[in-house]
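Take 3 as the starting number for the sequence shown in the working numbering and just add one per residue.
Each residue gets a CB set at the ideal place from its N, CA and C atoms; glycine is no exception.
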Amino acid sequence: MILNPYASVVFCDDLRQEANGKQLHIGVYNDAVLFDGPLPWALPTGLWCLIKYLEPYPETLPTLAIKVRLESKAGGVVDLIEAPVPKTDIIPQKGPLEFEKDTVKLLALSMNIQLSTLVFQEPAKLVVVVVRDGEEISAGRLRISQLSRDGAGNPIPAV
3 MILNPYASVV FCDDLRQEAN GKQLHIGVYN DAVLFDGPLP WALPTGLWCL IKYLEPYPET
63 LPTLAIKVRL ESKAGGVVDL IEAPVPKTDI IPQKGPLEFE KDTVKLLALS MNIQLSTLVF
123 QEPAKLVVVV VRDGEEISAG RLRISQLSRD GAGNPIPAV
């Protein structure tokens with residue numbers, strides 16, 4: 003079995019750390035933030051990006067970075083964050099995958115990034131990628147859009 007690098011992101015309004023090590027994710031977004039009202043739209047408390055990255059442990063550690071960007075039609079692509087990952091934050095761990103007698107050793111990265119107050123002038127996408135030795139690996143994206151309404155003005159549930 004071939005294991006490829008894997009990245010994922012969870013977007014939420016708030017992140018709380020309990021004394022016992024448990025994290026609470028408050029206001030988790032599925033795939034979109036839907037605003038009900040005219041532009042501009044704002045997330046005054048900002049947004050958390052909870053990023054996870056895994057790959058089979060390599061012979062030499064790669065150079066990793068996290069990028070968060072905003073993509074829109076009129077605004078194009080705007081880089082919000084480009085954060086290099088210190089090699090000390092890259093940890094080996096035993097993977098949950100077992101192949102007969104051998105356990106796979108994984109390179110694991112977990113990073114939480116807080117974006118402060120966000121104001122959107124048009125519909126857009128927040129995109130998060132992990133950059134591994136110059137190659138972008140998509141972690142995920144969050145659509146920023148307006149709540150749709152039917153002919154009677156009732157909100158149409160997001161799908």
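Self-check item: Residue range of the beta strand (DSSP E) that includes Ser140
Solution: Glu137 to Gln148
Quiz item: Got a sec, what are the start and stop residues for the beta strand (DSSP E) Pro86 sits in?
Solution: Gly78 to Pro86
Exercise. Leaving aside the five residues before and after Val12 along the sequence, list all residues of the same chain whose C-beta is less than 7 Å from its C-beta, in chain order.
Key: His27, Val30 and Leu52
Practice problem: Pull up the distance between the alpha-carbon of Pro157 and that of Ala141, whole angstroms please. | Solution: 30 Å
Practice problem: With DSSP as the reference, label Asp91 as helix, strand or coil. | Solution: helix
Practice problem: Tell whether a beta-carbon distance below 7 Å holds between Thr65 and Asp135. | Solution: Closer than 7 Å, so yes.
Quiz item: If you compare alpha carbons, which of Glu124, Met113, Tyr59 and Leu49 is closest to Val132?
Solution: Met113
Practice problem: Would you kindly work out how many angstroms separate the C-alpha atoms of Gln148 and Thr119, rounded to a whole number? | Solution: 18 Å
Quiz item: Do the CB positions of Val70 and Leu82 come within less than 7 Å of each other?
Solution: yes
Quiz item: First and last residue of the beta strand (DSSP E) that includes Gln25?
Solution: Gln25 to Tyr31
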